[in-house]
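Encoded as structure tokens, the structure appears first; notes follow it.
There are 2 protein chains.
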Amino acid sequence: MGKREEILEAFRFRHACKQFDPHKKIAREDFDVILEAGRLSPSSFGFEPWRFVVIQNSLLRDKLRAVSWGAQTQLSTASHYVAILCYREGMRFDGDHVARMMRDVQGLPEDTANKKRERFALFQRENHLLDASRTLFDWAGKQAYIALGNMMTAAAYLGIDSCAIEGADLDASEAILAADGLTEDGKLGLSVMAAFGYRTKEPGQKTRQSMKEVVVWVT
Amino acid sequence: MGKREEILEAFRFRHACKQFDPHKKIAREDFDVILEAGRLSPSSFGFEPWRFVVIQNSLLRDKLRAVSWGAQTQLSTASHYVAILCYREGMRFDGDHVARMMRDVQGLPEDTANKKRERFALFQRENHLLDASRTLFDWAGKQAYIALGNMMTAAAYLGIDSCAIEGADLDASEAILAADGLTEDGKLGLSVMAAFGYRTKEPGQKTRQSMKEVVVWVT
């Protein structure tokens, strides 16, 4: 099989798996690859707004299940369940997460960091990201969805199933995570969740718009 | 090389490529894989909010370049340049794109579609997605970022470079696309863009938060 077919096979394999085999655990070495796919994902200005909280505790899973209509079977059967949190105000151009990223992770000298912060401020203003806290958090969340997609793709490449979870009362779910001390006192908010494991049955036929419907060429 | 290393290699290979070799074109068979990675991406309720507009026309690229400070070299050197558009009000529970997806793509009988629409309406209300047009569009855009991530990963797997582009006046860019008749009379908005091609030089060291910083286990 050539490289083109190899990667397409992963995209074809992936489906929204609702129920996992509760007896089949993902090997640690495989799950590390899934986490690494998230960690190495690109993000706007390289500011990595995310934190990946792997929820293996059954009490916490039960609490989340009470407010997650779309994850009833996933929460009780998934080998691994991940909540992707993102920084809220820390993602402002003058926010503490952004300052920490430039200083401690990107290792920028102070004058370079200041110039980057100015460009970033212009960018955030130009695209109205500072107009509302919700808008800023949604923008951070978009980066998290890149990581989410990459984690599901890495999983599928390894023959592991997954399901992205938006079907929950996210405010209530976030409050549950906050009560367990997982949000840095509200600095982090809940963006999206994902379940990983092994399917119990084959999925139905994948439905998609055709290439002709979703692609337009301007030549 | 095992499967774990194979997929990790793609994530390590990818970087935000600013300048591409203008003489090196992506083979049609490879670019089809990149588009297919986008097309097969998951989306909330399977409603595929996206359209992929491949901009190869140099006049249109020049117009976009005038309002895209973050894509100056990408627009002039990329082998392929993609704008990802998403439906705006069509993504409401009672929107026309959602109706078309359930009827023509997912092939749901009318009573099943009605039940799904009700659940979808509850979901959109529960997470306040209908409070503002901007919020609804940002939510659609999150799905587009899954496709964006998958397209860049598929590219990297094939040894092709990419760069996600947020660094632009998106309103002005959207107006340019609208003037060329690419937004279905404003039904589609511009979510994000991406350039694809081949690097001219090796990137610097990738900077990332450590595993310990981004992952929390709740066991």
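Order-wise, the sequence lines are chains W and U. Per my numbering, residue 10 is the first one in the first sequence, and the count goes up by one each step. Per my numbering, residue 10 is the first one in the second sequence, and the count goes up by one each step. Ideal Cβ positions, reconstructed from N, Cα and C, are used throughout, including at glycine.
{"Check": "Using DSSP with H/G/I as helix, E/B as strand and the rest coil, what is residue 154 (chain W)?", "Outcome": "helix"}
{"Check": "Based on the DSSP output, what are the partners of residue 206 (chain W) in its beta bridges?", "Outcome": "W:170"}
{"Check": "Using a cut-off of 7 Å between C-beta atoms, extract the partners of residue 136 (chain U) located in chain W.", "Outcome": "179"}
{"Check": "Assuming residue 158 (chain W) contacts residue 158 (chain U) under a Cβ cut-off of 8 Å, what Cβ separation, rounded to an integer in Å, is found between them?", "Outcome": "4 Å"}
{"Check": "Cα-Cα, which of U:216, U:117 and U:149 is closest to residue 21 (chain U)?", "Outcome": "U:216"}
{"Check": "Note down, in chain order, every chain W residue with its Cβ under 8 Å from the Cβ of residue 45 (chain U).", "Outcome": "17, 20 and 220"}
{"Check": "List the DSSP bridge partners of residue 95 (chain W).", "Outcome": "W:59 and W:198"}
{"Check": "Check the Cβ-Cβ distances between residue 233 (chain U) and every residue of chain W, and say whether any is below 9 Å.", "Outcome": "Because chain U here runs from 10 to 228, residue 233 (chain U) falls outside it and cannot be looked at."}
{"Check": "Considering only C-alpha positions, which residue in the set U:188, U:126 and U:191 is nearest to residue 107 (chain U)?", "Outcome": "U:126"}
{"Check": "Which residues in chain U have a C-beta closer than 8 Å to the C-beta of residue 206 (chain W)? List them in chain order.", "Outcome": "What residue 206 (chain W) touches in chain U: nothing, since even the nearest Cβ is about 16 Å away."}
{"Check": "Quick one: measure Cβ to Cβ for residue 95 (chain U) and residue 59 (chain U), integer angstroms, because I've assumed they're closer than 8 Å.", "Outcome": "6 Å"}
{"Check": "Answer with yes or no whether the minimum CB distance from residue 102 (chain W) to chain U is below 9 Å.", "Outcome": "no"}
{"Check": "When we look at the beta-carbon of residue 161 (chain W) and count the other beta-carbons within 10 Å, is it buried (16 or more) or exposed?", "Outcome": "buried"}
{"Check": "Could you tell me which chain W residues have their CB closer than 8 Å to the CB of residue 230 (chain U), listed as they occur along the chain?", "Outcome": "Nothing can be reported for residue 230 (chain U), as the shown portion of chain U is limited to 10 through 228."}
{"Check": "Hey, residue 64 (chain U) and residue 156 (chain U) are a contact pair by Cβ (cut 8 Å); roughly how many whole angstroms apart?", "Outcome": "Not really, about 16 Å apart at Cβ, beyond 8 Å."}
{"Check": "Kindly indicate which residue of W:194, W:165 and W:98 has the alpha-carbon position closest to the one of residue 147 (chain W).", "Outcome": "W:98"}
{"Check": "Using a Cβ cut-off of 8 Å, pull out every chain W residue sitting near residue 105 (chain U), in sequence order please.", "Outcome": "None at all; the shortest Cβ gap to chain W is about 14 Å."}
{"Check": "Does the distance from the CB of residue 100 (chain W) to the CB of residue 145 (chain W) come in under 9 Å?", "Outcome": "yes"}
{"Check": "Does any residue of chain W have a CB that is nearer than 9 Å to the CB of residue 155 (chain U)?", "Outcome": "yes"}
{"Check": "Name the chain W residues that come within less than 8 Å of residue 64 (chain U), Cβ to Cβ?", "Outcome": "227"}
{"Check": "Taking C-beta pairs closer than 9 Å, name the residues in chain W that residue 53 (chain U) reaches, listed in chain order.", "Outcome": "173, 175 and 176"}
{"Check": "Is it the case that the Cβ atoms of residue 205 (chain U) and residue 88 (chain U) are separated by a distance below 9 Å?", "Outcome": "yes"}
{"Check": "Quick check on residue 223 (chain W): does DSSP put it in helix, strand or coil?", "Outcome": "helix"}
{"Check": "So residue 165 (chain U) and residue 23 (chain U) are in contact, right, with Cβ under 8 Å, and what is the actual spacing, rounded?", "Outcome": "4 Å"}
{"Check": "Helix, strand or coil, according to DSSP, for residue 102 (chain W) in the structure here?", "Outcome": "coil"}
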